[in-house]
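Novice:
2 protein chains.
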Amino acid sequence: MNINQATDYGFRAVLYLAHKDSQEWVDAQTISEHEAIPIRFLLKIMPCLTKAGIVKSHRGVRGGYALARQPQDISLLDVIEAIEGPIYLNRCLEDEAHCSKQSAPACPIHRTLSDIQDQLVLELSRRTFAQMMQ
Amino acid sequence: MNINQATDYGFRAVLYLAHKDSQEWVDAQTISEHEAIPIRFLLKIMPCLTKAGIVKSHRGVRGGYALARQPQDISLLDVIEAIEGPIYLNRCLEDEAHCSKQSAPACPIHRTLSDIQDQLVLELSRRTFAQMMQ
DNA sequence: CAAAACTATACCGGTTGAGTATATTTTAGA
DNA sequence: TCTAAAATATACTCAACCGGTATAGTTTTG
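Protein sequence lines, in the order shown, are assigned to chains Y and D. The numbering used here applies: residue 1 is where the first sequence begins, and numbers increase by one. The numbering used here applies: residue 1001 is where the second sequence begins, and numbers increase by one.
1) Take Ile1031/D and list the residues in its own chain whose beta-carbon comes closer than 6 Å to its own, dropping the five residues that flank it on each side.
2) Determine the burial state of Glu24/Y: buried for a count of at least 16 other Cβ atoms within 10 Å of its Cβ, exposed for fewer.
3) Taking the continuous alpha helix (DSSP H) assigned at Ala68/Y, which residues delimit it?
4) Is Ser100/Y close to chain D? Criterion is C-beta to C-beta, closer than 8 Å.
5) What separation, rounded to the nearest whole angstrom, lies between the Cα atoms of Gln1072/D and His1019/D?
6) Using a C-beta to C-beta distance shorter than 7 Å, which residues of chain Y count as neighbours of Cys1105/D?
7) Please return the same chain residues whose Cβ sits closer than 7 Å to the Cβ of Asn1090/D, not counting the five positions on each side in sequence.
8) Candidates Gly85/Y, Leu77/Y and Leu42/Y: which alpha carbon is nearest Tyr65/Y's?
9) For a minimum of 4 consecutive residues, which ranges assigned as the alpha helix (DSSP H) are wholly contained in the region 71-130 of chain Y?
10) Rank Arg127/Y, Cys92/Y, Thr50/Y and Asn2/Y by C-alpha distance to the C-alpha of Ala82/Y and give the top, closest one.
11) Find out if the Cβ-Cβ distance for the pair Ser75/Y, Leu124/Y is shorter than 8 Å.
12) Around the C-beta of Gln117/Y, are 16 or more other C-beta atoms found within 10 angstroms, so that it is buried, or is it exposed?
13) Sorted by chain position, which residues of the same chain lie with C-beta nearer than 7 Å to His58/Y's C-beta, five sequence neighbours on each side aside?
14) Does chain Y have any CB closer than 8 Å to the CB of Phe1011/D?
15) Under 8 Å by Cβ, that's how I've got Leu67/Y and Val55/Y pegged, so tell me the actual separation to the nearest angstrom.
16) Determine which residues share a DSSP beta bridge with His1058/D and list them.
17) Under 6 Å Cβ to Cβ from Ile1037/D, same chain only, skipping five residues before and after it: list those, please.
18) Tell me whether Met46/Y is buried or exposed, calling it buried when 16 or more other Cβ atoms sit within 10 Å of its Cβ.
19) Taking the Cβ atom as the reference point for each residue, do Pro1105/D and Met132/Y lie within a distance shorter than 8 Å?
20) In terms of DSSP beta bridges, what is Val14/Y paired with?
21) Span of the alpha helix (DSSP H) holding Ala1052/D?
22) Under 8 Å, Cβ to Cβ, is there at least one residue of chain Y near Ile1087/D?
23) Please tell me whether Glu84/Y and Thr7/Y are closer than 8 Å, where the distance is taken between their beta carbons.
24) What residue from Arg111/Y, Asn4/Y and Leu120/Y has the CA that sits closest to Asp1115/D's CA?
25) Please state if the CB of Met1001/D and the CB of Ile39/Y are separated by a distance shorter than 8 Å.
26) Let me confirm a value: Ala1097/D is counted as buried when at least 16 other C-beta atoms fall within 10 Å, else exposed. Which label applies?
27) Does chain Y have any CB closer than 8 Å to the CB of Gln1119/D?
28) Start and end of the alpha helix (DSSP H) containing Glu1024/D?
This is the structure we're talking about:
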């Protein structure tokens, strides 16, 4: 029941870029040093963020990364889903076939967890990087 | 970011017992059959629930399990913590030493996740098995 | 004392997590 | 045009965890 380390590093990388001018390319080495993220691991994480449209990248000499959207338009949920995929509190909420009783919709546990998951996802989508910059 | 299968089975076992008379011992075989839980796996999970004071057990002939508390006094959180231990959305929320920047309290990401974790835990503690029996 | 039940512990195969390594591609600029 | 700086793709490693099974032991009733 937790966020993985790659996602945590992703949060930090995005927050770091949020403090920079979005016209300026910041290379992975710089992010790595300032945020204490292993460089090779960071280089594996960043493409997830670019594919999700959170960050843009530029290769070659003087290349690097910059935010692709405004900080107020990037939520914690965006980063989590970019790196880990969708959130499911229980595997039966991902695919009802996982319920060994084959009764997901009628199951009160399923319904309760579904409610709580919805609240969690909503809350994560409300928290933006703009809020965390202050 | 999810609840594991043992916990899911734990929810079902507790909910099943909640529908029974608490004076009556229900054996693992019966729970296993009604809730479609692999018997040997269930037998590994149940001691977590007894140690947490959620369920009581009785060995020997005509032994089994029964709830140790009223359904309205058992929350989803109780069962999760009994089986998985405490909830931490991020490993830095478990132990600040995990923060590679060594700045957990000052970190806006840490603070935000901490807020969200508190909300999640509160919500899980509000949902009781009595509510799920209706 | 025998059988029915729970308990403790160890094992196992598969998957995920965290991170490293290597080779490739793109680009700016000398 | 060549070189160096950067990102990308892919594969690898090693440990931990997950889901489940197996074995042996203890307690209790009748």
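Every residue gets a Cβ at the ideal spot worked out from N, C-alpha and C, and that includes glycine.
Specialist: Put simply:
1) Ala1013 and Tyr1016
2) exposed
3) Premise fails: Ala68/Y is in no alpha helix (DSSP H) and is neither H nor E.
4) yes
5) Inter-residue distance for Gln1072/D and His1019/D is about 12 Å (C-alpha atoms, whole angstroms).
6) The amino acid at residue 1105/D is misidentified as Cys; the sequence shows Pro. Near Pro1105/D there are no residues of chain Y at all, since even the closest Cβ is about 14 Å away, more than 7 Å.
7) Leu1113
8) Leu42/Y
9) Taking 4 residues as the shortest admissible run, the region 71-130 of chain Y contains the following complete alpha helix (DSSP H) segments, listed from N- to C-terminal end: 76-84, 91-94 and 108-126.
10) Nearest C-alpha to Ala82/Y among Arg127/Y, Cys92/Y, Thr50/Y and Asn2/Y: Thr50/Y.
11) yes
12) buried
13) For His58/Y, same chain residues with a beta-carbon under 7 Å away, outside a window of 5 residues either side, are Trp25 and Gly64 in chain order.
14) True, the Cβ-Cβ gap to chain Y drops below 8 Å.
15) 6 Å
16) Gly1064/D
17) Tyr1009
18) Residue environment for Met46/Y: buried (at least 16 other C-beta atoms within 10 angstroms of its C-beta).
19) no
20) Beta-bridge pairing links Val14/Y to no other residue.
21) Segment: none, Ala1052/D is in no alpha helix (DSSP H) and carries neither H nor E.
22) yes
23) yes
24) Leu120/Y
25) No.
26) exposed
27) With its beta carbon less than 8 Å from one in chain Y, Gln1119/D belongs to the interface.
28) Counting along the chain, Glu1024/D falls outside any alpha helix (DSSP H), and DSSP gives it neither H nor E.
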